[in-house]
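Worksheet: the structure to be examined is printed underneath.
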Ligand code: NAD
Ligand code: ZN
Ligand code: ZN
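Numbering (the UniProt record's numbering), first residue to last: 269 to 501.
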């Protein structure tokens, strides 16, 4: 009997053919998909080849893997509940949400000055603010807030702002952890989406000019599943 997929069901579609050739081996156990999962080694006698219901095809990207490998992979995944990252191409199925404390504020304002490397378009200032608090029984610090961040007020900068708002709503912008810079534990730290906190120079590496910044942060947002257009079904 097959283990139920539970919430994973919404991320997979039916496999209609047993033509697994193009997919390559299962990314989890590395066995071919027309063979059993390498992890299904219980002693009960089983058929020598799989049937279509033993293989799952991910909805967004079409990559396939053994059903039991998908279940094992998802159990061991560190990604948040409610989403699944394809082990082959890393596309996120579902919506990834973080554990950023929900008591902070994100305040946006527009300024007339322009950033180095982005002349004549003005600047978007984002101010993030947090207070220390308690989450899941853990007291957390909020060092170095408020933090002010800068984007050019260009069309690409505005697009980044819109996605940063989505990241904020999904509680992805910060997390609670150990600061690499200060060593402080249980404190609110940046979470894999880089922000520019220096507006007139780039001495820290977190400033302007940096001609790759907007593209880099778009890629970092995409890695968290925050993209301009959500594919549906
Ligand atoms: P961190 O040091 O754990 O680093 C996490 C990520 O943030 C890394 O990717 C890193 O590259 C990036 N990062 C580090 N310094 C940054 C900066 N100045 N601007 C933008 N991104 C930066 O993360 P953290 O502890 O959240 O951030 C460290 C920065 O926060 C410090 O450099 C400082 O600017 C600020 N801070 C200030 C105080 C204060 O008392 N004034 C205290 C703590 C942190
Ligand atoms: Zn497998
Ligand atoms: Zn994939």
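In this text, a Cβ means the ideal position worked out from N, Cα and C, and glycines have one as well.
Quick caveat, the model's predicted, so the values are computed rather than measured.
On the criterion of 16 or more Cβ atoms from any shown chain inside 10 Å, does residue i qualify as buried, or is it exposed?
| i | result |
| --- | --- |
| residue 368 | buried |
| residue 399 | exposed |
| residue 332 | buried |
| residue 337 | buried |
| residue 449 | exposed |
| residue 357 | exposed |
| residue 409 | buried |
| residue 275 | exposed |
Taking 8 angstroms as the cut-off, decide whether the C-beta atoms of residue i and residue j are in contact.
| i | j | result |
| --- | --- | --- |
| residue 384 | residue 477 | yes |
| residue 438 | residue 364 | yes |
| residue 457 | residue 443 | yes |
| residue 297 | residue 288 | no |
| residue 391 | residue 339 | no |
By Cβ distance below 6 angstroms, which residues in the same chain neighbour residue i in space, the five residues on each side in sequence not counted?
| i | result |
| --- | --- |
| residue 376 | 394 |
| residue 431 | 489, 494 |
In chain order, what residues of the same chain have a beta carbon less than 7 angstroms from the beta carbon of residue i, not counting five sequence neighbours either side?
| i | result |
| --- | --- |
| residue 326 | 279, 280, 354, 361 |
Using only the alpha-carbon positions, how far apart do residue i and residue j sit?
| i | j | result |
| --- | --- | --- |
| residue 424 | residue 434 | 16 angstroms |
| residue 453 | residue 411 | 10 angstroms |
| residue 495 | residue 436 | 13 angstroms |
| residue 485 | residue 447 | 20 angstroms |
Cutting at 8 angstroms between CB atoms, please list the residues of its own chain near residue i, excluding the five before and the five after it.
| i | result |
| --- | --- |
| residue 422 | 386, 389 |
| residue 311 | Confidence at residue 311 is low in this model, with a pLDDT of 42, below 50, so its placement is unreliable and the value that follows should be read with caution. Answer for residue 311: no residue qualifies. |
Beta carbon shell of ligand 3 at less than 6 angstroms from a heavy atom: 326, 329, 331, 354, 356, 357, 359
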